[in-house]
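Data block below; observations after.
Numbering (the numbering used here), first residue to last: 372 to 437.
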């Protein structure tokens with residue numbers, strides 16, 4: 372298991388990707404993010420979390436102004 376804190380400036384986005392065997396768990400500390408999983412966009416806010424299962428193509432974006 373690993374934990375990564377990432378600060379995403381407004382307008383930034385991660386790479387579209389997937390993991391073969393590991394899961395990604397996203398927890399929003401501040402602001403808002405858009406997480407696209409298999410083409411469906413989920414808007415997640417401060418205190419929200421979401422789990423991405425292995426094999427699911429996903430990308431995180433900061434489309435907000437903060």
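Beta carbons are placed, not taken as given, at the ideal position from N, Cα and C, and that holds for glycine.
Inset, instruction - Quick one: using the 10 Å Cβ neighbour count with 16 as the cut-off for buried, is residue 416 buried or exposed? - result: The count along the chain shown starts at 1 and reaches residue 416 at position 45. Burial is judged here by how many other beta carbons sit within 10 angstroms of a residue's own beta carbon; residue 416 has fewer than 16 and is exposed.
Inset, instruction - State the DSSP-derived secondary structure class of residue 430, mapped to helix, strand or coil. - result: Here the question's residue 430 lines up with position 59 in the chain shown. Strand, per DSSP.
Inset, instruction - Could you give the DSSP three-state label for residue 375: helix, strand or coil? - result: As a first step, residue 375 must be located in the chain shown, where it is residue number 4. Reduced to three states, the DSSP call for residue 375 is coil.
Inset, instruction - Starting from the Cα of residue 419, find the closest Cα among 409, 430, 433, 404 and give me that residue. - result: Within the chain shown, the letter at position 48 stands for residue 419. Ranking 409, 430, 433, 404 by CA distance to the CA of residue 419 puts 404 first.
Inset, instruction - State buried or exposed for residue 387, treating a residue as buried only when at least 16 other CB atoms are found within 10 Å of its CB. - result: What you label residue 387 is simply residue 16 of the chain shown in a count that begins at 1. With fewer than 16 other CB atoms across the displayed protein chains lying within 10 angstroms of its CB, residue 387 is exposed.
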